[in-house]
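**Student:** Sharing a structure here in structure tokens format.
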Amino acid sequence: MSKSLKLFAGSAISTVLMLTLSVNFADRLTPEMPAEFDRVAVENDREFHLIARAYADEAKADAPFGLGREALPEEIAAWNLDVSPDGTGLPVGSGDVMTGEEVFADNCAVCHGDFAEGRDNWPKLAGGDGTLADDDPLKTVGSYWPHLSTTWDYVNRSMPFGNAQSLTADEVYAIVAYILYSNYLVEDDFVLSNENFTEIVLPNAEGFIIDDRAETEYAIWSGEPCMENCKESVEITRRATNLDVTPGVDTAEEQAATAPAAEAPAAEEAAAPAAEPAAEPEAVVEAAAPAAIDMDLAGKGEKVFKKCKACHKVGDGAKNGSGPQLNGIVGRAVASADGFKYSGPMVDHGGDWTPERLAAFLANPKGEVKGTKMSFAGLKKEEDVAAVIEYLKTFGQ
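Here it is in structure tokens:
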């Protein structure tokens, strides 16, 4: 055997021997792994132990997973924000309609409109009276919801959008009061508080029923079906068309053909001579003086006009804003305020603002002038319309 081969053989044997000894003795001095390694690790972590004790008591022996503790009353109260229909959960506070209008404009109008009429596809918070039977009902405080607590609770917990629970209790009361006012359920001097909250009865409070189907109906159709004494065959005795349930195409024409003809006007009336035109008066009668303004009614109109003053100005120095100034509006030509840019539909409306036309427009702006940019939904009460017009008459020029 050559010298070099002897050297390599000795090195190889030494390496194998060293590795064998290393593997054999490597873990002889290592303590055995505890059965509950994670628990031991946590218990030996002093920093973790201090943090845990700062936030929680020791867990009960029978607690699941050995974790947790009973919540403190203060911790439950921080999460227990819901308000019940009977007023349970309401905080002490109050808010009036006029303050609510300002808070609503700052926090809610960007989505729901200045008058709660809704913008774009954002929800409308006012109106909807009489629409619940429609294919697309408008569900609001004034038409659908049975309890005011639903509104208060939702505004308090979830609004304004993107900044929830940033409102104070007084601000929530004020916003809810303004929503009630926008639905014509309270007057403009109304103050909502925890003391009178349960006195508010919404229009649809009796429109909901208790779902008792589990007690009254389930037992009827959940049992075993009867499979005895069944009829062997079914015979059709009459059809729906014979019962006038499903009218045919020609039904309307047949009804029109069988309807009695309207009696012709009497020949005497047709042959009656036309009345002679009245003779023109010899003297020109002086133009009738304008009717006196009912100041009591105008005073009521001033209060109602608060719904309009955000967009329309009246009185000395009145200027156009988001809406035209209304000095001299009664009797003025439509779309004639100097310096204001009217929408096309309003310009096309034409004519003069007579009291009758004003009344129709104030009651239903979008219905009277299709396409108007005026977002106000209209005055619901005829007496409010009359009062506002009387108030506007006091600003003749």
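Its first residue numbered 594, the sequence shown is counted upward by one per residue in the numbering used here.
Using N, Cα and C, we set each Cβ at its ideal position, and we do this for glycine too.
The structure displayed is predicted, hence computed values, not measured ones.
Can you list, in chain order, the stretches of the beta strand (DSSP E) that have 3 or more residues and sit fully within the stretch 885–924?
**Tutor:** Entirely contained in the stretch 885–924, not one beta strand (DSSP E) run reaches 3 residues.
**Student:** Is it right to say residue 730 is buried, meaning 16 or more other beta carbons lie within 10 angstroms of its own, or is it exposed?
**Tutor:** By the 10 Å Cβ count, residue 730 comes out exposed.
**Student:** List the whole-angstrom C-beta distance separating residue 693 from residue 719, where the pair is believed to meet the contact cut-off of C-beta under 8 angstroms.
**Tutor:** Between residue 719 and residue 693 the Cβ distance is about 13 angstroms, and since that is not below 8 angstroms, they are no contact.
**Student:** Is it buried or exposed for residue 817, if we count other Cβ within 10 angstroms and need 16 for buried?
**Tutor:** Per the 10 Å Cβ criterion, exposed.
**Student:** What residues are listed by DSSP as bridge partners for residue 784?
**Tutor:** Paired residue(s): 689.
**Student:** Where do the ends of the alpha helix (DSSP H) carrying residue 823 lie?
**Tutor:** From DSSP, residue 823 is part of no alpha helix (DSSP H); its letter is neither H nor E.
**Student:** Among 785, 673, 755, 608, which has the Cα closest to the Cα of residue 703?
**Tutor:** Here the closest residue by C-alpha is 755.
**Student:** Counting C-beta neighbours from all protein chains within 10 Å, is the total for residue 759 16 or more, i.e. buried, or is it exposed?
**Tutor:** With fewer than 16 Cβ atoms within 10 Å of its Cβ, residue 759 is classed as exposed.
**Student:** Report the option in 806, 684, 752 whose CA atom is closest to the CA atom of residue 788.
**Tutor:** The candidate whose alpha carbon is nearest that of residue 788 is 684.
**Student:** If we count Cβ pairs, one from each stretch, closer than 8 angstroms, do we get three or more for the stretch 884–892 versus the stretch 978–986?
**Tutor:** With a cut-off of 8 angstroms, the stretch 978–986 and the stretch 884–892 count as touching, because enough Cβ pairs lie within range.
**Student:** Please report the distance separating the alpha-carbon of residue 872 from that of residue 951.
**Tutor:** Confidence at residue 872 is low in this model, with a pLDDT of 47, below 50, so its placement is unreliable and the value that follows should be read with caution. Distance between the alpha carbons of residue 872 and residue 951: 35 angstroms.
**Student:** Between the stretch 804–811 and the stretch 735–750, do at least 3 Cβ pairs fall closer than 8 angstroms?
**Tutor:** They do not touch, by the three-pair rule.
**Student:** Alpha carbon to alpha carbon, how far is residue 732 from residue 707?
**Tutor:** Those two C-alpha atoms are separated by around 18 angstroms.
**Student:** Of all the options 680, 723, 705, which has the alpha carbon lying nearest to the alpha carbon of residue 716?
**Tutor:** Per the Cα distances, 705.
**Student:** For the candidate residues 948, 745, 664, whose alpha-carbon lies nearest to that of residue 682?
**Tutor:** Selected option, being the one with the closest Cα: 745.
**Student:** Please list the terminal residues of the continuous alpha helix (DSSP H) segment that includes residue 951.
**Tutor:** Per DSSP, residue 951 belongs to the alpha helix (DSSP H) from 948–956.
**Student:** Whole-angstrom Cβ separation of residue 773 and residue 765, contact assumed at under 8 angstroms?
**Tutor:** Their Cβ separation, rounded to whole angstroms, is 13 angstroms, which puts residue 773 and residue 765 out of contact at 8 angstroms.
**Student:** Cα-Cα, which of 798, 820, 674 is closest to residue 757?
**Tutor:** Selected option, being the one with the closest Cα: 674.
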